[in-house]
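Engineer:
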Amino acid sequence: MTLTVVTADEVKRALKDATLVPASDYMPVMEVDPGDAMIYTWEK
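Here our numbering is used: the first residue of the sequence shown is 1451, the next is one more, and so on.
(1) Just the C-alpha distance for residue 1464 and residue 1483, rounded to the nearest angstrom, thanks.
(2) What residue does the beta strand (DSSP E) around residue 1490 start on, and which one ends it?
(3) According to DSSP, is residue 1458 part of a helix, a strand, or is it coil?
(4) Would you give the residue range spanned by the beta strand (DSSP E) that residue 1480 belongs to?
(5) Helix, strand or coil for residue 1473 per DSSP?
So this is what it looks like as structure tokens:
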């Protein structure tokens, strides 16, 4: 499926190896494979 994500600067993306990277390091439109997941986190 096509996923479009627009986030605030402080949002991080959790990678499969559990590292957190700025979500802004990635294109705002991505393809997600069947069975895959995109996980994002931020401080409240």
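Backbone N, C-alpha and C define an ideal beta-carbon position, used for all residues, glycine too.
Structural biologist: Taking the coordinates as given:
(1) Stepping through the sequence shown from its first residue, residue 1464 is reached at position 14. Stepping through the sequence shown from its first residue, residue 1483 is reached at position 33. If I take the Cα positions, the gap works out to 16 Å.
(2) In the sequence shown, residue 1490 corresponds to position 40, counting from 1. It spans 1489-1491 - the beta strand (DSSP E) in which residue 1490 sits, taken as one unbroken run.
(3) In the sequence shown, counting from the first residue as 1, residue 1458 sits at position 8. Note: residue 1458 maps to coil in three-state DSSP.
(4) Here residue 1480 corresponds to residue number 30 of the sequence shown, with the count starting at 1. Unbroken beta strand (DSSP E) run through residue 1480: 1479-1481.
(5) The count along the sequence shown starts at 1 and reaches residue 1473 at position 23. Of the three classes helix, strand and coil, the one that applies to residue 1473 here is helix, per DSSP.
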